[in-house]
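In the working numbering, the protein residues as written are 65 to 440.
Where a beta carbon is used, it is the ideal one built from N, C-alpha and C, also for glycine.
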């Protein structure tokens, strides 16, 4: 693991040793040790007076650092900058930019950038050299196995099972706040051949075991990340095109392995809470224009109130207000001020997140209101 510039080697008994790893980020562990890389800034160039982008500057070289279990360091240079590393039984998977980024117009006044990234596999024995020429090593397909986000089924991506390429993700055509979660299988031409409903939530991880796809599914609401939301493990049979639960959310209890919370609050935790209470108390006059006129955080917000909610280690600010979305009642949001270990946290963009939810309508249905209060 890495914290700042300190790299730590852990075993079952705890920290086995540490060393300094300046200017490099831990990305993988495998083979002879831990693999870090310097991830450089990639200059995309500048836009001309007519809005078109000129050619980007040449790419910098890449730098990989190997740290062995006895804490020895070795540097390997590449002729391309590195963005991702991953360990594979056959060697190190290295994702690099093959050539300078290219601006791709997305509409009037808008661009995205193609960084021309590709993934190579460099055999372990080849990593004994001091310099790697990327063109000397074969490309491989990188396939997502984590949280896929939006559903983007395509050939040669996702999980190959049952003669199809399977992808999981949120259905873009679904409800804004409760996105249906789907698994879709496509053939080598990209034509959809199978669709399996996975309920609601998001896929946090996935892998193939035998001929089936195992998925860890977080069952929280799409809009907000809830640390207390349950997760379960489901198994997708790609031939029968059915999904079954393998582990219920309460099947694995990890409480005995968690860090114990401190017995007393950290110093100044209440000062921290009062500071954030003051910030959220001003939502009705959040914006000020050049003439000195004020406006609320979001259009239509009135009767905004903020109060501390709960006690340490479950301390938060609760904001309530009226809004045209729910004319007959109040909207309410609880913003935590401490983490699961009771340490102060800085909810820096919680007010802007609330504004965006109100302005875009990413809100629960009013039928979920309890006693005239809708928790958002």
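Requested in this report: Starting from residue 297, follow the beta strand (DSSP E) in both directions and report where the run begins and ends.
Outcome: According to the DSSP assignment, residue 297 belongs to the beta strand (DSSP E) that extends over 295-301.
Query raised in the report: Taking buried to mean at least 16 other C-beta atoms within 10 Å of its own C-beta, is residue 249 buried or exposed?
Result: Residue 249 sits buried, since 16 or more C-beta atoms from the chains shown fall within 10 Å of its C-beta.
Query raised in the report: Which residues mark the beginning and the end of the beta strand (DSSP E) in which residue 80 is found?
Result: For residue 80, the uninterrupted beta strand (DSSP E) segment begins and ends at 78-84.
**Report entry** For residue 228, the nearest candidate out of 393, 247, 346 and 236 (CA to CA)
**Finding:** It is 247.
Query raised in the report: Under a Cβ-count criterion, where at least 16 other Cβ atoms within 10 Å of its own Cβ denotes burial, should residue 223 be classed as buried or exposed?
Result: Around the C-beta of residue 223, 16 or more other C-beta atoms lie within 10 Å, and the residue is accordingly described as buried.
Requested in this report: Report yes or no: do the stretch 130-144 and the stretch 181-197 share at least 3 C-beta pairs separated by less than 8 Å?
Outcome: Counting Cβ pairs under 8 Å, three or more are found: they touch.
Query - Residues bridged to residue 128 (per DSSP) - result: Beta bridge pairing from DSSP links residue 128 with 101 and 140.
Query raised in the report: Which partner residues of residue 89 appear in the DSSP bridge assignment?
Result: DSSP, once it has assigned bridges, lists 101 as partnering residue 89.
Query raised in the report: Buried or exposed: where does residue 119 fall if 16 or more other Cβ atoms within 10 Å of its Cβ makes it buried?
Result: Result: exposed.
**Report entry** residue 234, DSSP secondary structure in three states
**Finding:** Assigned with DSSP and collapsed to three states, residue 234 falls in strand.
**Report entry** Local Cβ density within 10 Å of residue 78, reported as buried at 16 or more and exposed below that
**Finding:** Looking at its Cβ environment, which holds fewer than 16 other Cβ atoms inside 10 Å, residue 78 is exposed.
Query raised in the report: If we ignore side chains and look at the alpha-carbon of each, how far apart do residue 189 and residue 80 end up?
Result: Using only the alpha carbons, I get a separation of about 27 Å.
Query raised in the report: Would a C-beta distance cut-off of 9 Å place residue 368 and residue 348 closer than the cut-off?
Result: Against a cut-off of 9 Å, the Cβ pair of residue 348 and residue 368 comes out as a contact.
**Report entry** 9 Å Cβ cutoff met for residue 329 and residue 254
**Finding:** For residue 329 and residue 254, no; Cβs fall outside 9 Å.
Query raised in the report: What is the rounded straight-line gap between the Cα of residue 108 and the Cα of residue 200?
Result: Cα to Cα, the separation comes out at about 26 Å.
Query raised in the report: Where does residue 376 sit, in a helix, a strand or coil, going by DSSP?
Result: Three-state DSSP puts residue 376 in coil, outside helix and strand.
Query raised in the report: Grouping DSSP H, G and I as helix and E and B as strand, with all else coil, what is residue 177?
Result: The answer is strand: DSSP assigns residue 177 an E or B state.
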